[in-house]
Structures are given as C-alpha cells and as structure tokens.
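Here it is in structure tokens:
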C-alpha cells in the first residue's frame with residue numbers, strides 16, 4: 001500500500017527569524033511549517049510541498065533547514081524556481097531525539113526556492129516541524145570592523161557563576177584554531193529558535209545539536225555562542241570565553257554571545273523563566289565586572305540587524321537585565337532573591353530563589 005497524502009499546513013512562523021548565516025526564506029510570509037505524515041505503507045510519496053517561496057533578494061548556493069523529525073523515513077528536496085537543474089536532495093542529519101538539520105548545495109544564483117518532503121514508509125503517524133529555512137552563499141566566519149569604546153574598571157577576581165563545561169555536552173573540538181578576542185566590551189542576547197528544554201539533559205543535547213548544526217550546516221568552526229541559558233537557569237559553556245564568536249554578523253568582535261534555549265517570538269511565544277533571567281543577570285554581572293563592560297552594552301540581536309531574535313518576550317526583558325547588571329552583586333542566596341524579585345514579574349511568575357543560588 002502506498003503512503004497517502006495528508007497535508008494540513010499549519011502557520012507557525014513569523015516573517016524574519018533568527019538566522020545569522022544568510023537570509024531567511026518565507027512562504028507566504030511564513031518562516032516555519034508543520035505537516036502531518038501518516039503511516040500508510042511504502043513510499044516514496046510527496047507529503048509536503050511548500051510552493052514557491054517569497055522572493056529571495058540575494059544570491060544563494062546553499063539551502064539549510066532545521067526542525068523536529070520524529071521518523072527518519074522523511075527526506076527533503078529543494079529546487080530553485082525556474083532553474084533547469086530540478087530537485088536536489090537535502091542531506092539530512094537527524095539526532096536520536098528527533099532534532100534535525102538538512103542542507104543542499106547548488107550553483108550560485110538568484111530567485112525563490114521550493115521545498116518538498118517525501119515519505120519512504122513511516123512506521124507511525126507523526127507531525128514534522130520545520131523551524132526555519134534559510135538560503136545563503138556559504139562563506140567562512142569573518143569578523144566585522146569594530147572600534148572598542150572606553151570601558152569601566154575591571155575586577156580580575158570577579159567570580160563566574162557555575163557553568164556546565166563543554167565536556168558535559170560532549171562538544172567536539174573546533175575545526176580550526178579560534179581567533180582570540182580577549183577583551184570584550186559588549187554582550188548580545190539571542191534565542192535559539194529551537195527546543196524549549198525542560199531538563200538539563202535536554203539542554204545539553206540541544207547545545208550539542210546546535211554545535212553540529214553550526215559546524216556542518218553553516219560551515220563555522222564551532223558553536224557560534226559563548227553561553228547558552230536554559231529555562232531551568234542552567235548556564236552551559238559554548239565557544240570558549242575570550243575567543244571570537246560567530247553570533248552577530250559583522251559585529252562579533254568584542255561581543256559575548258548568550259543564547260536562550262527556546263523560541264520567544266510569536267506565534268510560539270515561549271516565556272523566559274525567572275531562573276533563566278536570574279542566570280543571565282548573574283552571568284552578565286560577572287562579564288561586566290571582569291571586563292569593564294558597561295551595562296547598557298547588553299543588547300538584543302535585533303539591535304544589530306533585521307531579525308526577530310531574541311524574540312519579543314526575551315527582548316522585553318533587556319531593560320530589567322541592564323538594571324540588574326548595574327547592581328552590585330550580593331553573596332549567595334541574597335543575590336538570587338534579589339534577582340528573583342527584579343525579574344520574576346517579567347517571567348510571569350515567582351520561583352524558588354534557592355534554585356539559582358549555585359551548584
């Protein structure tokens with residue numbers, strides 16, 4: 001029996017997403033898609049067709065997508081609309097938890113693209129989520145020009161909050177030597193446009209996925225961000241501190257990248273938690289003290305380029321976070337309680353301050 005087509009397109013995207021490798025691709029202003037796949041025998045059979053995308057203004061030679069793929073039977077193809085080359089298969093990299101990214105390369109050119117999914121015989125009914133689609137010309141990381149401003153006093157003895165090390169999420173080594181960037185003067189907040197994790201292990205797995213996506217999907221030497229912060233308030237090491245990041249195109253020099261795990265933009269609208277915001281504040285206070293960074297140098301990704309990152313809900317917390325960075329840290333539990341009082345209203349609720357008091 002052949003797999004039947006059961007396509008019900010769900011609009012779950014916004015016009016501009018969080019990508020920083022190139023240009024986001026939208027379909028009728030949608031940046032994300034969900035579609036069902038039914039387990040009705042062998043394939044292959046087309047189970048999703050995006051139709052022509054909205055115009056893609058710049059040349060591209062790479063299509064990159066990422067999302068959630070419960071069953072490995074589903075594959076993807078892309079074509080440049082109007083080109084003679086036809087459909088090109090995407091190379092799919094799927095992780096055991098269902099997270100996936102997929103990429104195809106083509107001759108450089110312009111024009112919209114079309115995406116479709118094929119099922120080779122799903123073992124069960126399921127829904128595939130495509131979180132984002134982007135098209136770009138594959139280039140190595142390049143630092144943008146930047147002029148360091150003056151900085152405040154530095155405290156070389158500033159105490160860093162506990163950070164889960166790279167070894168804990170089984171990071172692979174960078175593919176090339178890092179470029180040293182030892183004296184940052186600014187901090188940029190991002191969101192991952194991915195899973196809103198609910199356990200430490202889920203968060204470690206998600207950071208491992210992001211590294212693989214950045215290295216093999218986008219062609220960077222390592223995960224782009226220096227730190228990830230999950231909804232439980234865990235801080236996870238990304239690219240080593242003191243090394244040039246790749247999180248804010250043309251503005252990476254002197255820039256510490258912090259990513260919140262989740263999607264804080266409508267229509268997904270994940271909510272930053274109080275432990276998460278308290279952890280960002282604690283990490284930010286350390287960076288401010290250690291490097292003499294001015295608190296108002298904490299910005300959102302959208303302050304540097306046209307993007308929805310870090311999402312409306314996360315972006316709205318920046319004024320309170322800047323105020324928290326300007327406050328003198330207090331020791332132990334008192335510091336956590338102060339952060340909770342300042343930030344829990346933005347997170348939509350209260351929390352147990354002991355959860356942020358350290359390991």
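Residue numbers (the working numbering): 1 to 359. Using N, Cα and C, we set each Cβ at its ideal position, and we do this for glycine too.
Residue of the options minimising C-alpha distance to residue i
{"i": "residue 262", "options": "67, 34, 23, 36", "result": "67"}
{"i": "residue 281", "options": "303, 152, 233", "result": "233"}
{"i": "residue 178", "options": "251, 309, 244", "result": "244"}
{"i": "residue 107", "options": "61, 168, 83", "result": "61"}
{"i": "residue 98", "options": "131, 114, 109", "result": "131"}
{"i": "residue 48", "options": "191, 300, 315, 116", "result": "116"}
{"i": "residue 172", "options": "315, 222, 265, 136", "result": "222"}
{"i": "residue 182", "options": "240, 313, 69", "result": "240"}
{"i": "residue 74", "options": "56, 277, 101, 86", "result": "101"}
{"i": "residue 92", "options": "83, 105, 82", "result": "105"}
{"i": "residue 283", "options": "37, 23, 164", "result": "164"}
{"i": "residue 311", "options": "300, 72, 305, 321", "result": "300"}
{"i": "residue 273", "options": "157, 291, 198, 155", "result": "198"}
{"i": "residue 201", "options": "231, 157, 305", "result": "231"}
{"i": "residue 166", "options": "31, 57, 203", "result": "203"}
{"i": "residue 118", "options": "217, 252, 88", "result": "88"}
{"i": "residue 266", "options": "193, 238, 306, 317", "result": "193"}
{"i": "residue 242", "options": "180, 253, 217", "result": "180"}
Straight-line Cα distance separating residue j from residue i
{"i": "residue 334", "j": "residue 319", "result": "Unreliable placement is indicated for residue 334, whose pLDDT of 49 sits below 50; the coordinate value is still reported in the next sentence. Using only the alpha carbons, I get a separation of about 22 Å."}
{"i": "residue 189", "j": "residue 80", "result": "34 Å"}
{"i": "residue 13", "j": "residue 152", "result": "In this prediction, residue 13 scores a pLDDT of 33, lower than 50, which makes its location untrustworthy; no coordinate-derived value is stated."}
{"i": "residue 248", "j": "residue 70", "result": "31 Å"}
{"i": "residue 351", "j": "residue 276", "result": "Any reading at residue 351 needs caution, since the residue's pLDDT is 34, under 50, leaving its predicted position unreliable; the model's value is listed next. Roughly 11 Å between the two C-alpha positions."}
{"i": "residue 330", "j": "residue 285", "result": "With a pLDDT of only 48 at residue 330, under 50, the local geometry of the prediction cannot be trusted, and the value read off the model is given with reservation. Approximately 11 Å between the Cα atoms of the pair."}
{"i": "residue 41", "j": "residue 77", "result": "21 Å"}
{"i": "residue 359", "j": "residue 55", "result": "With a pLDDT of only 30 at residue 359, under the threshold of 50, the placement of this residue in the model should not be trusted, and no figure is reported."}
{"i": "residue 226", "j": "residue 290", "result": "15 Å"}
{"i": "residue 109", "j": "residue 212", "result": "27 Å"}
{"i": "residue 271", "j": "residue 84", "result": "45 Å"}
{"i": "residue 139", "j": "residue 219", "result": "7 Å"}
{"i": "residue 238", "j": "residue 30", "result": "30 Å"}
{"i": "residue 304", "j": "residue 174", "result": "26 Å"}
{"i": "residue 176", "j": "residue 149", "result": "29 Å"}
{"i": "residue 51", "j": "residue 205", "result": "33 Å"}
{"i": "residue 246", "j": "residue 23", "result": "16 Å"}
Check whether residue i and residue j have beta carbons under 7 Å apart
{"i": "residue 120", "j": "residue 44", "result": "yes"}
{"i": "residue 256", "j": "residue 184", "result": "yes"}
{"i": "residue 279", "j": "residue 229", "result": "yes"}
{"i": "residue 361", "j": "residue 325", "result": "Shown here, the chain extends from 1 to 359; a query on residue 361 therefore has no answer."}
{"i": "residue 209", "j": "residue 136", "result": "no"}
{"i": "residue 114", "j": "residue 64", "result": "no"}
{"i": "residue 264", "j": "residue 224", "result": "no"}
{"i": "residue 195", "j": "residue 292", "result": "no"}
{"i": "residue 39", "j": "residue 158", "result": "no"}
{"i": "residue 82", "j": "residue 111", "result": "yes"}
{"i": "residue 25", "j": "residue 133", "result": "yes"}
Nearest-angstrom Cβ-Cβ length linking residue i and residue j, presumed shorter than 8 Å
{"i": "residue 127", "j": "residue 53", "result": "With a Cβ gap of about 21 Å, residue 127 and residue 53 do not count as contacting."}
{"i": "residue 215", "j": "residue 169", "result": "Residue 215 to residue 169, Cβ: 14 Å. No contact."}
{"i": "residue 191", "j": "residue 260", "result": "5 Å"}
{"i": "residue 302", "j": "residue 308", "result": "7 Å"}
{"i": "residue 258", "j": "residue 147", "result": "Actually they do not touch by this definition, with Cβ atoms about 22 Å apart."}
{"i": "residue 323", "j": "residue 298", "result": "No, residue 323 and residue 298 are not in contact; Cβ-Cβ is about 10 Å, not under 8 Å."}
heavy atom of the ligand NAP below 6 Å from residue i C-beta
{"i": "residue 267", "result": "Absence of the ligand NAP is noted for the structure shown, with no ligands found whatsoever."}
Exercise for the section: Pick out the complete beta strand (DSSP E) segments inside the region 163-192, 3 residues or longer, and give them in chain order. Expected result: List check, beta strand (DSSP E) in window: 186-191.
Practice task
Write down every uninterrupted run of the alpha helix (DSSP H) in the region 248-314 whose length is 4 residues or greater and which is fully enclosed by it, in chain order.
Solution key: 274-291
Exercise for the section: Identify every run of the beta strand (DSSP E) within the region 85-120, keeping only runs that are complete inside it and at least 3 residues long; order them along the chain. Expected result: Runs of the beta strand (DSSP E) inside the region 85-120: 91-94, 99-109, 113-119.
Exercise for the section: Would you mind listing the beta strand (DSSP E) stretches within the region 22-46 that are 3+ residues and don't spill past its ends, in chain order? Expected result: DSSP runs (the beta strand (DSSP E)) wholly in the region 22-46: 33-37.
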